[in-house]
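For reference, the structure discussed in these notes is given below.
Protein chains: 2
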Amino acid sequence: MDIAVTGAAGYIGDLLADALLANDSPIKVASLLLVDTIEPRMRSDPRVRTLALNLTAPGAADQIVTSDRQILFHLAAVVSGHAEADFDLGLAVNFDVTRALLEAARKRANKMRFVFVSTVGVFGGDLPPVVLDYTAVTPQTSYGVGKAMSELLVNEYARRGFVDGLAVRLPTVSVRGGTANRAVTSFASGIIREPIRGECAVCPVDEDQRLWLCSPKTVVKNILHAGTISSTQLDPWRVINLPGLTATVGEMMRALREVAGEEVASRVQFVKDEMIARMVASFPPEFDTTRANHLGFIADSNFAEVIRIFIEEEAKKK
Amino acid sequence: MDIAVTGAAGYIGDLLADALLANDSPIKVASLLLVDTIEPRMRSDPRVRTLALNLTAPGAADQIVTSDRQILFHLAAVVSGHAEADFDLGLAVNFDVTRALLEAARKRANKMRFVFVSTVGVFGGDLPPVVLDYTAVTPQTSYGVGKAMSELLVNEYARRGFVDGLAVRLPTVSVRGGTANRAVTSFASGIIREPIRGECAVCPVDEDQRLWLCSPKTVVKNILHAGTISSTQLDPWRVINLPGLTATVGEMMRALREVAGEEVASRVQFVKDEMIARMVASFPPEFDTTRANHLGFIADSNFAEVIRIFIEEEAKKK
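Quick mapping for you: the protein sequence lines, in order, are chains A and B. Count the first sequence with full-length UniProt numbering and you get residues 1 to 318, in order. Count the second sequence with full-length UniProt numbering and you get residues 1 to 318, in order.
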């Protein structure tokens, strides 16, 4: 199949590209276009082509949604902290780019699978203790608003028969490799990753803040799954809350202590940042993902296991 | 106050203009700009100015949201049947125009009250028997999608402090005066209005189809109320399901028979239109509007009373 990934220079996009090119990929890849604002990492694989492209530029969408493209994984985004700081850029990337890609897909003769990577950050405000598949989306961040509007369009373009689209809402991904980003949930990886690497980390939220988490490995498996499942079984609403696990920051720290020891865990310092704490508190920490489970999406077993896998991956890089 | 109304040539927009200019208006009007694609009806009132304007044209929003404007009632819309037939026009008017008006409002030095008139048509798909204030919005019409995306933006522009905005979701308005429009719920007025005027009417849905209804008079009162209430009591979600009453088409017909007699009621013929019936069935017929009631929005007492008022209004015109 002929695949494209936007946001391919990002941490998840890069892992997704690797997973698509792996021998055990559930999708047989004939060609893979990797797109991002900066040139994504090139692979020594003849199927791969990379493209540095400003997705907000006129005509950019048509360079990605060519007539032979069969699946688009649209991951490119301006993350939460960045979208809150730059409202216009946030809306341009998180909404207008999605719309342009959907329009490009609509113009084609044949329907393309369009996997939109959304976020639990669409939720916010007065939420029930456990978010259900049909809990209302009342976002309290600009990031969540751009993603929520995009979800509505993805479902609508699918309903109108313009694309074979669906959207998956990712939990907070932890433990991310790489470096900190401008997501307000960046600390959820930082407080594990940095201490393991021997560095100090600052946690901007309280120990009792609960988070809805998923490991990078599991998230990538779920995004791939979204590329292959029959989306007709999702009608009338092609937006799915992905599985995850709930943990407080305190529980994450205990898991770190258990797996990596007291010395490593002591490298985390708690210095509250009111703005970050407020935005993180607006994201829901617990979900009932009956629908996603039924559709074959998966979750991690426990957070200590997630940390163990992260440590193994880090060791491989050395 | 300096007020503007878009969609002012429409049935509700025209009534709203009258209500704003009336002596008992809850808003003291210093000047009133009435805007629509066709020139709204001129009044012999020095406070009124009318403007025929294509709202999708570049710069149109700036002609409406001038620096002295204090309240904007944004009613202009491409209705359900029309938006389903013309996807691009629907999105352009129901979403892009709202966005342009919000952007124009954001550029001003002082915050403007922005009342966005939305619809229960944002709901659709797998709905609970009674829609609650926090029921998820999963629209199954292009009209609902444009309105739902606009609601997200109105709330966001308010949250960011760009406007003093709120959105009110109107029930199906019945009995509308005037003539049929391209809303798929147009029949909900037609099956009452036309027989009373001595004309025949066709009902495209079954007798047991339930509808969420509100009279024009009550809807206008609620829109005016949205112009004056303190919107800060709405945070974190400035979108309100307005009160209404639930009736089946059969119950509406019985009320017509009761108020206007058998001969009048016999002028309605049932000829099912599958496309209309499907879209109407996707709209929710019953709501719990605790929040709106608490905020001082009102409902009609019963549908027979609504018909009686309609007959009185028709008689006055003669």
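Glycine included, every Cβ here is placed at the ideal spot set by N, Cα and C. What you are looking at is a predicted structure, and each value in this text was computed from that prediction instead of being measured.
Closer than 8 Å at the beta carbon, the chain B residues around residue i
{"i": "valine 264 of chain A", "result": "Ordered by position in chain B, no residue passes the 8 Å Cβ test against valine 264 of chain A, which lies about 38 Å from the chain."}
{"i": "glycine 125 of chain A", "result": "Pro236, Trp237"}
{"i": "threonine 135 of chain A", "result": "Tyr134, Ala136"}
Whole-number beta carbon distance between residue j and residue i, since they are thought to touch under 8 Å
{"i": "leucine 295 of chain A", "j": "alanine 247 of chain A", "result": "Not quite, the Cβ-Cβ distance comes to about 24 Å (not below 8 Å), so this is no contact."}
{"i": "arginine 238 of chain B", "j": "valine 120 of chain B", "result": "Wrong, their Cβ atoms sit about 17 Å apart, outside the cutoff."}
{"i": "valine 131 of chain A", "j": "leucine 75 of chain A", "result": "In fact, because the Cβ distance is near 22 Å, the residues do not count as touching under 8 Å."}
{"i": "proline 139 of chain B", "j": "phenylalanine 116 of chain B", "result": "Proline 139 of chain B to phenylalanine 116 of chain B, Cβ: 16 Å. No contact."}
{"i": "valine 163 of chain A", "j": "alanine 148 of chain A", "result": "So it is not a contact: roughly 18 Å between Cβ atoms."}
{"i": "leucine 224 of chain A", "j": "isoleucine 12 of chain A", "result": "Wrong, their Cβ atoms sit about 12 Å apart, outside the cutoff."}
{"i": "alanine 304 of chain A", "j": "glycine 244 of chain A", "result": "Alanine 304 of chain A to glycine 244 of chain A, Cβ: 15 Å. No contact."}
{"i": "tyrosine 203 of chain B", "j": "valine 268 of chain B", "result": "The sequence shown places cysteine at residue 203 of chain B, rather than the tyrosine named in the question. Sure, about 6 Å apart at Cβ, within 8 Å."}
{"i": "alanine 167 of chain B", "j": "glutamate 156 of chain B", "result": "Incorrect: roughly 11 Å between the Cβ atoms, too far for contact."}
{"i": "arginine 113 of chain A", "j": "glycine 227 of chain A", "result": "6 Å"}
{"i": "valine 48 of chain A", "j": "leucine 32 of chain A", "result": "5 Å"}
{"i": "valine 93 of chain A", "j": "leucine 55 of chain A", "result": "7 Å"}
7 Å Cβ cut-off: residues of chain B touching residue i
{"i": "glutamine 140 of chain A", "result": "Arg159, Pro236"}
is_contact[residue i, chain A] using C-beta, thresh 9 Å
{"i": "isoleucine 153 of chain B", "result": "In the sequence under discussion, the amino acid at residue 153 of chain B is leucine, which differs from the isoleucine named in the question. Closer than 9 Å to some Cβ of chain A, the Cβ of leucine 153 of chain B qualifies, so yes."}
{"i": "alanine 148 of chain B", "result": "yes"}
{"i": "valine 145 of chain B", "result": "yes"}
{"i": "glutamate 286 of chain B", "result": "no"}
{"i": "glutamate 305 of chain B", "result": "no"}
Proximity winner among the options, relative to residue i (alpha-carbon distances)
{"i": "valine 79 of chain A", "options": "A:Ala104, A:Asn222, A:Thr185", "result": "A:Thr185"}
{"i": "alanine 61 of chain A", "options": "A:Val97, A:Val137, A:Val131, A:Leu20", "result": "A:Val97"}
{"i": "phenylalanine 270 of chain B", "options": "B:Ala188, B:Ala22, B:Glu84", "result": "B:Ala188"}
{"i": "valine 176 of chain B", "options": "B:Gly198, B:Val220, B:Cys200, B:Leu32", "result": "It should be noted that the sequence gives arginine, not valine, for residue 176 of chain B. Among B:Gly198, B:Val220, B:Cys200, B:Leu32, the Cα nearest to that of arginine 176 of chain B is on B:Val220."}
{"i": "glycine 146 of chain A", "options": "A:Leu170, A:Leu127, A:Leu89", "result": "A:Leu89"}
{"i": "alanine 9 of chain A", "options": "A:Val29, A:Ser25, A:Ile38", "result": "A:Ile38"}
{"i": "proline 216 of chain B", "options": "B:Gly7, B:Leu15, B:Ala265", "result": "B:Leu15"}
{"i": "glutamine 233 of chain B", "options": "B:Leu34, B:Arg159, B:Glu263", "result": "B:Arg159"}
{"i": "isoleucine 64 of chain B", "options": "B:Leu102, B:Leu91, B:Glu313, B:Asn23", "result": "B:Leu102"}
{"i": "aspartate 45 of chain A", "options": "A:Leu34, A:Leu53, A:Thr218", "result": "A:Leu34"}
{"i": "valine 249 of chain A", "options": "A:Ala77, A:Gly227, A:Gly190", "result": "A:Gly190"}
{"i": "isoleucine 192 of chain A", "options": "A:Ala22, A:Pro129, A:Gly261, A:Ile307", "result": "A:Ile307"}
{"i": "threonine 66 of chain A", "options": "A:Glu263, A:Asp126, A:Asn110", "result": "A:Asn110"}
{"i": "alanine 183 of chain A", "options": "A:Glu84, A:Ser231, A:Asn241", "result": "A:Glu84"}
{"i": "proline 284 of chain B", "options": "B:Ala180, B:Ala201, B:Asn181, B:Asn241", "result": "B:Asn241"}
{"i": "alanine 77 of chain B", "options": "B:Phe87, B:Asp68, B:Gln70", "result": "B:Phe87"}
{"i": "valine 29 of chain A", "options": "A:Thr172, A:Met1, A:Pro40, A:Ala22", "result": "A:Met1"}
{"i": "serine 231 of chain A", "options": "A:Arg108, A:Ala292, A:Gly59, A:Ser25", "result": "A:Ala292"}
{"i": "arginine 257 of chain A", "options": "A:Pro195, A:Asn302, A:Ser301, A:Lys316", "result": "A:Pro195"}
{"i": "valine 205 of chain B", "options": "B:Ala277, B:Ala19, B:Pro236, B:Asn181", "result": "B:Ala277"}
{"i": "isoleucine 229 of chain B", "options": "B:Phe297, B:Ala100, B:Ser25", "result": "B:Phe297"}
{"i": "alanine 265 of chain B", "options": "B:Met253, B:Glu274, B:Asp273", "result": "B:Met253"}
Contact with chain B by residue i, beta-carbon distance below 9 Å
{"i": "glutamate 258 of chain A", "result": "no"}
{"i": "glutamate 194 of chain A", "result": "no"}
{"i": "proline 128 of chain A", "result": "yes"}
Under 8 Å from the C-beta of residue i: neighbouring residues of chain A
{"i": "phenylalanine 87 of chain B", "result": "Arg160"}
Cross-chain neighbours of residue i in chain A, by beta carbon under 7 Å
{"i": "glutamate 156 of chain B", "result": "Ser142, Val145"}
CB contact check: residue i to chain C, cutoff 9 Å
{"i": "leucine 245 of chain B", "result": "Absent from the structure: chain C. Protein chains present are A and B."}
Which full runs of the beta strand (DSSP E) of 3+ residues lie inside the region 20 to 100 of chain B, going along the chain?
31 to 36, 48 to 52, 71 to 74
Where are the beta strand (DSSP E) runs, 3 residues long or more, that stay fully inside the region 141 to 224 of chain A, in chain order?
164 to 170, 201 to 203, 210 to 214
Let me know the beta strand (DSSP E) ranges lying completely inside the region 244 to 310 of chain B, each 3 residues or longer, listed in chain order.
245 to 248, 268 to 270
Please give the ranges of any beta strand (DSSP E) in the region 105 to 139 of chain B, keeping only runs that are unbroken, at least 3 residues long and fully inside the region.
113 to 119
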